[in-house]
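The sequence shown finishes on residue 293 if you use this note's numbering, and the numbering steps up by one all the way, no holes.
Every residue, glycine too, gets a C-beta built ideally from N, C-alpha and C.
For reference, the structure discussed in these notes is given below.
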Amino acid sequence: MQETAKLEAQAYELEQKTALAAEAKNVLESWVRYEGQVKQRQQKELAQSIIAKVQKELENPKVLQQILQQSVADVESELMSNPVHSELTNKTSEVVASKAQ
């Protein structure tokens, strides 16, 4: 009888520990979900902020001119670095020069 009571007490204690561990697990999982949502919201806000800033910059004619100039320079650089395109560009320049004379 005394052994049964002792076993029942141990079983009850284990049930309480298991319930406490399950509750702790639920709380931790809830925090992980919350932190994930916060991070996702922050990333969305950052992306929106960057997009708004870029869109505002694109309204500036000077910025657009700089972008256009850099794009043209990049294309010219790419063309000059490729031998086939470089030769074609040189021949085109020669033809244009000869027509201009």
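Simplified DSSP assignment, three categories, for residue i
| i | result |
| --- | --- |
| MET193 | coil |
| LEU260 | helix |
| LEU250 | coil |
| ASN274 | coil |
Selection from the options that minimises the alpha carbon distance to residue i
| i | options | result |
| --- | --- | --- |
| VAL246 | GLN235, TRP223 and ILE259 | ILE259 |
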